[in-house]
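Input: a single structure, listed below in structure tokens.
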Amino acid sequence: MLIDSNEFKIIKDYLPIGVNLLAVSKGHHHKSIRKLSSYGQLDFGESRLQEAIPKKIDLNDLKQLRWHFVGRLQKNKVRGVVKEFDFIHSVDSLPLLERISRISQEEQKTPNIFLQVKFQNDPHKGGFIKQELMKSWSNIISLENINLVGLMTIPPIALNLYQRKDLFSECRNFANYLGLKDCSMGMSNDWQEAIEGGATWIRLGSLLFGKRQA
Ligand SMILES: *Cc1c(COP(=O)(O)O)cnc(C)c1O
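Numbering of the sequence shown is given in this note's numbering, commencing with residue 282 and proceeding in unit increments.
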């Protein structure tokens, strides 16, 4: 079940200045998004283009909402995602970033981009590894129509909270080293550790909306 406005306020009050809340609404009804927006929430995350498009149509009167793509991005979905979303948190390879740049130029868009980084080997997750990202760095920053804002990471599920915090700090340090402001990290089960580690965007789903339907 969706949290009420008092519970929402408690979470918001807990967030230090500079930490933004992304409400990940995948699997939840557009009515829940509307309700949460009535508490003042403006940033919403979706992980599938096909699911996001009809919701955006239902919420078309709420012009102030900002949409964030957080799912694995397939090549053939890039144009749709560039057209529909303001932020992409899950750019996990150079060819994908180059494609986003090319299509963004064609669509006259400049999406805000997070590069997804993998700090530990994790066969379940995509992402740049550090060395690879450093090697491609000059290439990455030369791409047109890309507003590179930061790094995104998801810890391997096997890590405990202390290990997660260390991984989040490593992400923060790497972002600082690259001169990037934002770190998108922390979900319902580890958002406090992510804030301690230096997150600027936490991505909460079930904590706000309750259990997912699908
Ligand atoms: C679903 C999802 C979330 C939210 O997860 P919860 O555990 O429900 O908070 C955050 N980030 C990404 C990338 C997701 O896919």
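Note that CB positions come from ideal geometry on N, CA and C, so glycine has one too.
DSSP places Asn301 in the strand class (E or B) of the three-state scheme. In this structure, Leu346 lies near Leu323, with their beta-carbon atoms less than 9 Å apart. Asp373 and Gln355 do not touch by the CB rule: their CB atoms are close to 11 Å apart, not below 8 Å. According to DSSP, residue pairing for His349 in a beta bridge involves Gly326, Phe368. At least one heavy atom of ligand 1 is found less than 8 Å from the C-beta of Ile435. Per DSSP, the unbroken beta strand (DSSP E) holding Phe395 starts and ends at 393-397. For Arg360, the closest alpha carbon among the candidates Leu485, Lys446, Ser382 is that of Ser382. Remark: the shortest separation between the CB of Asn470 and any heavy atom of ligand 1 falls under 8 Å. Distance check between Val300 and each of Lys290, Gly479, Pro437, Ile435 places Gly479 closest, using alpha-carbon atoms only. The DSSP assignment places complete beta strand (DSSP E) segments of no fewer than 3 residues inside the stretch 404-490 at 428-433, 463-465, 482-485, in order along the chain. Under the DSSP assignment, Asn287 falls in the alpha helix (DSSP H) whose first and last residues are 286-295. Scanning its chain for C-beta atoms nearer than 6 Å, with the 5 sequence neighbours on each side dropped, one finds around Lys390 the residues Val363, in chain order. The nearest non-hydrogen atom of ligand 1 is less than 8 Å from the C-beta of Val305.
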